[in-house]
Structure formats: structure tokens, C-alpha cells
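Residue numbers (full-length UniProt numbering): 1 to 649. C-beta: ideal position from N, C-alpha, C; glycine also. Here is the structure we will look at, set down as C-alpha cells.
Next comes the structure, spelled out in C-alpha cells:
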């Protein structure tokens, strides 16, 4: 008779069915394998075998087997469906749906609630509890602040101010476009930033074209263009044209062709090839700057937040590895700035240099300097647009104050060596989500203008819920929640452990080589799927791989999370790429040629950064003490993930 225990949840029958279960379960201190056992079900956490196990079992007569021996015993006569296989089925279905977008990405993120109980793994209640975590609330608070910045046009004011400062020479104009895009993308949606900057870019390109059209008509046409409105842009890779959803294979719009250069095969004879190259360069620099900017802060882009959530989960499960960080997640705003911001800045600089080398050949260098008339027209355009915003009013100053205060609170919550304002509260009671939600709520209370002496009645607040409902990308919040739920299922039911074990073949390689290989794979894969989805699938696997290779889990997870944002090659790789492609200057081959080297440069910078200042910030190479005490990776995993077992009677 074969008696199998396959349920792998929270230290139940699956552990005591193994001869080493005694050491791993608090109720097993009295267990003696030489004596009959009474009520074996007492140790079953899920109470699934209550009726079957409520009698005495002669465990002293049992012949204990390892799972590998059991598989040999089956000899092909019985099919075993392990929890790992069920979990792999869920991951496979979601990966296919995420890649093909057969369902909207946010809808696919809800599938764990359906599939987990359907395949018999766990309850929907348990899975649903992971959709709104502390990290999700942190991201939600950041998004609400970003909505306020967009609502009061602060992002546009910043962009125009920088452009007016850098000058009108083409290469400096490109830097002037990239800097505000980069800065804004650290705090607000990469897609929204790109959609705001592209009309400004096109207006400048029109002036460089030196068209014989009155400047007032040009400005009106550029900013009134409804071919690609900000509210029609989804954050998760879906773009709508005039309110109707389309695939991510973006086509050129007819509207934009009225005021910009056509692709090379449709160019007028009077247009120069040099100008088209400038148009391509100016367009693609916006997408690159947005993608680089997302790396600079913890809330800059979705994968960063996914990684933060996964690191928090690791602290709970692998607390003994994170003791050197005080038992808390080392991933904070200040530590992210220390590691991610230099990578982001270096990538921005490399992109600026590479785009000039690629697009500005001999014929373009002379064109770059422009002439007095074109420079004058560009200056006039920028001044006109900035003047239309008027002086900074009370509402704008209040929103800027909220943003600056939030950034300061995020940075100073934990400044290392036990410092930071979190010490004003009981341990582990406040987190990064606390100031985010506090200041988000303040936006709905703080008045948008000062009350006049004789004025009566309510004054509108800085932000209303209707505005938030309309502009906040709710799909991203659901996507993050689905990622956390999927990660929980993968870890709880052993899939991450199994995949990590398969990747243990990389153990003979140096860790930095393994890290580089992983970054290359991630950067290639993220070109064809959502970067958030990719990060969600990888983080639990890389955590288990790090245990197999006996390295700090953050050493593989942090670079991989950043590598998911190295999506420079294809229009479908990331929404900013799709937005700039939709304006019609670029062909896919242009993005591939330019983006390929950017991906290579990004991986090189990332690997070097991990080994240098990343090591200084996080101590990636400091081996956890638990590995030094002779405890192997199998023992570690057994302490955190319960393994399947079986008995042979």
C-alpha cells in the first residue's frame, strides 16, 4: 500500500511524512519513529486528512522513502500531479496571456484568484489578500501625487524652463528634451511624461524644418493635435487612438503628417535627409530618457515596485539572511537612489552621446548648428508656450511643496546606521507607504487658492476624486497585485524552489558571470513582454537560485529588476517606445539598430555598478552567516518552503 502526502503548505502532513520532519515542526518534539503514532492529523495544518488520519498508525513499521525513490517505485504506472506542476500551469497560462495580450494585461493579473482554487492549490481568499500590499499602497500614493503634478501642468512648466535654459543648438536641444523627461519619469508615469514631451518636440522640429508657416498656426496645430492624447494612453502597453483601443503594433497617424516630416520614402524633394535624421533622433531620445528615468527612483517604474515587494516578502521568509540589515528590507528610497540613480544618469549620458554618433553624420553636423532664423523661431516658440502657463500660482506652489516634502520623507525615513524619522514610532509600524498616503490625502484637503476676505463657501481642493478616477492608471495597481499573488503561489507551492534547483547548474560559474547571463536573458525577454510581468515571474525564481548558489538574494534580484527596463529596441517593448513610434518618424529597424547597443551598454553598466557601488551600498558579496555555519541550501529551503513527502507501507 502506498500512502502519499503531497500537500505542501505551512508545515502539515508533508513534513511529518519525512523522517527528518521532527526537526522542522514545533509539534514533533515528542515524536518517536519507533512507536505507534496517535492522531497524525494533529499536524496537518489544512485539516485535509482528518477522517483518514484519526486512527492509530503503526509508524514504527513504516518504511520511509525519499520522493525520488517514490517516483522510481511508480515505474510509470501512476501519474503524480505535484503542486509544482499545478503552479507551473498557472504561470504558463498567465505568461501566454501577458505576452499575447489575449486579455487585457490587468485582467490577466486577476486570474490567480480563479486558477489557484480551480487546480486545487489554495483558497481564493488567501490569494486575494496579496493584491493590496504595503508596496501597492506606496505605489498608489506616488501615482496620486503624480496626477496632481500633471493636473496643474507643473511637468510642462519644468520641461519648458529647462529647454529655454539649454539653448537652441540641436544637440543641446536634445539634451534639453532628455533632462526634463528623465527627471519627470522618476516620479510620474513614463508614458505620461513621453506623451507630454512629444508635442513639444514636434513643435521644435517644425521650427528646425524652417517651414514657411506662421508660427502661431504651427503651435496651434501641434498642441491641438488629437492623434495621440494623453488620456488615450494606457501604462501597460496598450495605446488607444481617439479613444479606441488598438494593438501595440502602432501605425503612423494621418494627423501628425500635417505638420512633421514624412518618412524617407514620402519626403518632399525640398526636405533634406539630414532633417529626417534629426527628427528620428529627437523622437527616440524622449523614449530613451523616459526609460532611463524610471530607473532613478523606487517608484519610477513598475518593476522597481515589484522588486521592493518581493524583497519585503524575503525578509519575512529569510529573516536570518537579512539580519545584517536589522531584520528589515534594505530596499528603501535612499538605498535605491544610491544604487539606481547613478545607473540611470550614466545611461542617460550614454544615450545622448550614442544618438549623436548614430544620427549626426558629417552632413548633419553642419545642419545641427542651424541658422539665426531657426534659432530665433525656436526661442520664440518656447517663450510663447512658457508665457501661456502664466506665473506660478498658489495651487502649483502647494503641489510642489507636497512633492518636495514627500521626497524628503521618503529619503529620510531610514538613512542608515539606525537613523531616520522612523525611530519616532514603535519598530516596524511605519513604512514608505505612510508618507505617500498621508500627503495624497492632504491633496484632497488643501485649498487650491487663498480665500478672499469677503468670500464665502467652500474652496476647491488641489485634487478631486473625479480627477484621480480619470487619470490614475488603475490597471497598474491591479497588475502589481496580480504579480504579488503569483509570486506568493510560486513560493508557497514549490515552483520557485524547483526552478531554482534546475538553474543550480550555473553554480560552477562565478556569481558575476551568472549575474551577467541573467541580465542578458532578462533584457532580451523584456523586449517582447511587459516589463512588470517579466519582473513578477522572475523574482521568486531568482530568490531560490540565490539560495542554491549560496549568495545574497538581492545580488541577482536587484540587477534583474533594473534589466527589465532595458527595453530600447522595439515599439512594443514599452509604452514610451510605442508613443514615439506612433508619430511616424521612426521605422522599426531604426529602433532596433539604436536600441541594440543601448541594451549592451546597459548590461555592462549594470554589472559594473553591481560589483562596485552596489556592493558598497548593499554588501552583495557578504555571505550570510547561515551559510558559514555548515547549513546547506537544502536545509535552508526546508526551513522556509515545506517539501513534499511520501510513505511506503
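- DSSP places residue 481 within a helical segment (H, G or I) once states are collapsed to three.
- Per DSSP, reduced to three states, the secondary structure at residue 447 is strand.
- With a minimum length of 4 residues, the unbroken runs of alpha helix (DSSP H) contained wholly in the stretch 523 to 557 fall at 531 to 548.
- Between the alpha carbons of residue 410 and residue 331 lies a distance of about 12 angstroms.
- Per the coordinates, the alpha-carbon of residue 493 lies some 20 angstroms from the alpha-carbon of residue 133.
- Residues of the same chain with a CB within less than 8 angstroms of the CB of residue 421, apart from the 5 flanking positions on each side, are 409, 412, 413 in chain order.
- Between residue 546 and residue 556 the beta-carbon gap is near 5 angstroms, inside 8 angstroms, which marks them as a contact.
- Counting along the chain, the unbroken alpha helix (DSSP H) around residue 94 starts and ends at 83 to 100.
- In the structure shown, the three-state DSSP call for residue 294 is coil.
- In summary, residue 123 is exposed, with fewer than 16 beta-carbon neighbours lying within 10 Å of its beta-carbon over all protein chains present.
- Remark: fewer than three beta-carbon pairs, one from each stretch, lie closer than 8 angstroms, so the stretch 515 to 525 and the stretch 451 to 468 are not flagged as touching.
- Our two residues, residue 620 and residue 569, have alpha carbons roughly 30 angstroms apart in a direct line.
- The C-beta of residue 622 has fewer than 16 other C-beta atoms within 10 Å across all chains shown, which makes the residue exposed.
- When the beta-carbon positions are compared, residue 566 and residue 598 come within less than 9 angstroms of each other.
- Listed in chain order, the non-local C-beta contacts of residue 444 below 8 angstroms within the same chain comprise 461, 462, 463, 464, 465, local neighbours out to five positions each way being set aside.
- In the DSSP assignment, residue 425 falls outside any alpha helix (DSSP H), carrying neither H nor E.
- Note: residue 461 is bridge-paired with 447 in the DSSP secondary-structure output.
- Between the alpha carbons of residue 102 and residue 95 lies a gap of roughly 11 angstroms.
- Put simply, the stretch 476 to 489 touches the stretch 133 to 144. At least three CB pairs are less than 8 angstroms apart.
- Cβ-Cβ distances below 7 angstroms link residue 150 to 188, 192, 471 in the same chain, with the five nearest sequence neighbours on each side left out; the list follows chain order.
- Measuring C-alpha to C-alpha distances from residue 164 to each of 379, 596, 503 identifies 379 as the nearest.
- For the 9 angstroms CB-CB criterion, residue 90 and residue 98 do not form a contact.
- For residue 312, same chain residues with a beta-carbon under 6 angstroms away, outside a window of 5 residues either side, are 329 in chain order.
- Taking the Cβ atoms as the reference, residue 286 lies roughly 6 angstroms from residue 177, within the contact range of under 8 angstroms.
- Residue 490 sits close to residue 541, with the two beta carbons spaced by under 9 angstroms.
- As the crow flies, the alpha-carbon of residue 167 is around 20 angstroms from that of residue 277.
- Counting along the chain, no alpha helix (DSSP H) covers residue 571, and no H or E run does either.
- About 6 angstroms separates the CB atoms of residue 406 and residue 435; that is less than 8 angstroms, so the two are in contact.
- If you draw a 10 Å sphere on the C-beta of residue 612, you find fewer than 16 other C-beta atoms in it, and that means exposed.
- For the options 204, 455, 610, the alpha carbon positioned closest to that of residue 377 is the one of 204.
- Assigned with DSSP and collapsed to three states, residue 120 falls in coil, not helix or strand.
- For residue 401, the three-state secondary structure derived from DSSP is helix.
- The straight-line gap separating the alpha-carbon atoms of residue 339 and residue 532 is approximately 20 angstroms.
- Inter-residue distance for residue 161 and residue 117 is about 54 angstroms (C-alpha atoms, whole angstroms).
- Assignment of residue 155 by DSSP, reduced to helix, strand and coil, places it in the helix class.
- Approximately 24 angstroms separates the beta-carbon atoms of residue 309 and residue 184; this is outside 8 angstroms, ruling out the contact.
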